[in-house]
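S.K.:
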Amino acid sequence: MNRFYLKNKVAVITGGASGIGLATCLELAEKKAWIAMLDMDKKALEARKQEFLKKGCRILAIGCDVTKKEDCRSAINKVLNEFGQIDILFNNAGITQRGLFENTKVNVFKRVMDVNFFGSLYCTKAALPSLIRTKGMIIVNESIAGVAPLLGRTGYSASKHALHGLFTTLRCELRSKGVHVMIVCPGFIRTNLQARALGSDGRIACHARTKIGKEDTPENAAAEIVKGMQKKKSILVLTLMGKTGYLVSRFFPLLYERLMTSQFKKEL
Numbered sequence: 001m002n003r004f005y006l007k008n009k010v011a012v013i014t015g016g017a018s019g020i021g022l023a024t025c026l027e028l029a030e031k032k033a034w035i036a037m038l039d040m041d042k043k044a045l046e047a048r049k050q051e052f053l054k055k056g057c058r059i060l061a062i063g064c065d066v067t068k069k070e071d072c073r074s075a076i077n078k079v080l081n082e083f084g085q086i087d088i089l090f091n092n093a094g095i096t097q098r099g100l101f102e103n104t105k106v107n108v109f110k111r112v113m114d115v116n117f118f119g120s121l122y123c124t125k126a127a128l129p130s131l132i133r134t135k136g137m138i139i140v141n142e143s144i145a146g147v148a149p150l151l152g153r154t155g156y157s158a159s160k161h162a163l164h165g166l167f168t169t170l171r172c173e174l175r176s177k178g179v180h181v182m183i184v185c186p187g188f189i190r191t192n193l194q195a196r197a198l199g200s201d202g203r204i205a206c207h208a209r210t211k212i213g214k215e216d217t218p219e220n221a222a223a224e225i226v227k228g229m230q231k232k233k234s235i236l237v238l239t240l241m242g243k244t245g246y247l248v249s250r251f252f253p254l255l256y257e258r259l260m261t262s263q264f265k266k267e268l
């Protein structure tokens, strides 16, 4: 398989102002890629932009709410106007939720799907013509919850399963056009994702969450993601517990369900 070179490639990263998104922007910039950082936190975007400029990086920071189709289209057009092309799209923006299905309001499911699924769909739709021209790459930040159940997170798991179906099928459609699709399943990573988790009523969840194994850093995750890009991997599972969970869920699904349920039921 041909290696995917990153120097002077234009990379668009959603949710780019913090967590895995920011760490991936930094890692790509180290490889001399040109960065288009998309995020809805405009204050954080401006601060990050100045940090990149001081390092001499090519950086474009764009405010974008991925739940809005026109925001996504406008952001992609700004990237094309500035850089002329898109070689990499990393659909990283996402939110989560915690709470039993029977207690969770429908609007919470809609919000999670709007960010996680439709945000990725909108950005991919807008960027796809350029990605086909450049024979580029699409990366989606999924989760083990995209291939296996996760107790108390039916909305989150549903959105990630939807992403898995969309992007594995899209990989088949785009292979003949030279566009590669990589799915990332990060495992437990130390980011602010959980601090913003929605509870059953749509407000920020305040109850303690379950953690399995040691959380890894966004920097380590980003380093592995960029290596995966260069090797054009189809699926990248991160952390020891993430890899263990992925394998058990695939080969022993009932065992996985029982073990996962016993670990997570105490938080609900």
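Just so we're aligned, residue 1 is where the sequence shown starts under my numbering, counting upward by one. From the three backbone atoms N, C-alpha and C, an ideal C-beta is built for every residue, glycine too. Remember, predicted model here, so these are calculated numbers, not experimental data.
For the alpha helix (DSSP H) containing Val181, name the first residue and the last one.
M.R.: Per DSSP, Val181 belongs to no alpha helix (DSSP H); it is in the beta strand (DSSP E), His180 to Cys185.
S.K.: When you compare each of Met229, Ala221, Arg171 and Glu257 to Gly19 by their alpha carbons, which one comes out closest?
M.R.: Measuring from the Cα of Gly19, the nearest candidate turns out to be Ala221.
S.K.: Under three-state DSSP, which class holds Asp39?
M.R.: Strand, per DSSP.
S.K.: Is Arg196 buried or exposed, if buried means 16 or more other CB atoms sit within 10 Å of its CB?
M.R.: Exposed: under 16 other Cβ atoms inside 10 Å.
S.K.: Evaluate the contact criterion for the stretch 83 to 90 versus the stretch 121 to 135: three or more CB pairs, one atom per stretch, below 8 Å.
M.R.: Result yes; three or more Cβ-Cβ pairs closer than 8 Å.
S.K.: Assuming Thr217 is part of the beta strand (DSSP E), what are its boundary residues?
M.R.: That residue, Thr217, is in no beta strand (DSSP E); it is neither H nor E in DSSP.
S.K.: I need the boundaries of the alpha helix (DSSP H) containing Gly245, first residue and last residue.
M.R.: Taken as a continuous stretch (DSSP letters only), the alpha helix (DSSP H) holding Gly245 covers Leu240 to Phe251.
S.K.: Could you check where the beta strand (DSSP E) with Ile62 kicks off and where it finishes?
M.R.: Start and end: Ile59 to Gly63.
S.K.: Determine the contact status of Phe167 and Ile189, defining contact as a CB-CB distance below 8 Å.
M.R.: For Phe167 and Ile189, no; Cβs fall outside 8 Å.
S.K.: Compare the Cα-Cα distances from Leu193 to each of Gln97, Lys78, Asn107 and Ala11 and report the closest residue.
M.R.: Considering only alpha carbons, the answer is Gln97.
S.K.: Looking at the secondary structure, which residues open and close the alpha helix (DSSP H) in which Thr24 lies?
M.R.: Residues Gly19 to Glu30.
S.K.: What is the residue span of the alpha helix (DSSP H) that Ala127 lies within?
M.R.: That run of the alpha helix (DSSP H) goes Gly119 to Thr134.
S.K.: Provide the residue span of the beta strand (DSSP E) that contains Val12, from first to last.
M.R.: Unbroken beta strand (DSSP E) run through Val12: Val10 to Thr14.
S.K.: Among all the DSSP beta bridges, which residues are the ones paired with Asn324?
M.R.: No answer is possible for residue 324: it lies beyond the span of the chain, which begins at 1 and ends at 268.
S.K.: Among residues of its own chain, excluding the 5 on either side of Tyr246, which ones have a beta-carbon nearer than 6 Å to its beta-carbon?
M.R.: Taken in chain order, the residues that qualify are Ile144 and Val237.
S.K.: Counting C-beta neighbours from all protein chains within 10 Å, is the total for Ser262 16 or more, i.e. buried, or is it exposed?
M.R.: Exposed, because fewer than 16 other Cβ atoms sit within 10 Å of the Cβ of Ser262.
S.K.: State the start and end residues of the unbroken alpha helix (DSSP H) segment that holds Leu163.
M.R.: Looking at the DSSP string, the run of the alpha helix (DSSP H) that includes Leu163 is Thr154 to Leu174.
S.K.: Roughly how many whole angstroms lie between the Cα atoms of Asp114 and Thr124?
M.R.: Roughly 14 Å separates the two Cα atoms.
S.K.: Give the range of the alpha helix (DSSP H) segment to which Val237 is assigned.
M.R.: No alpha helix (DSSP H) holds Val237; the beta strand (DSSP E) holding it covers Ile235 to Val237.
S.K.: For a quick check, are the C-beta atoms of Lys32 and Lys7 less than 8 Å apart?
M.R.: Yes, these two residues count as a Cβ contact at 8 Å.
S.K.: Determine whether the beta carbon atoms of Ile62 and Ala44 lie at a separation below 8 Å.
M.R.: Result no, Cβ atoms of Ile62 and Ala44 do not sit closer than 8 Å.
S.K.: Just verifying my parser: in three-state terms, what is the DSSP assignment at Gln85?
M.R.: Looking at Gln85 - three-state DSSP - the assignment turns out to be coil, as it is neither helix nor strand.
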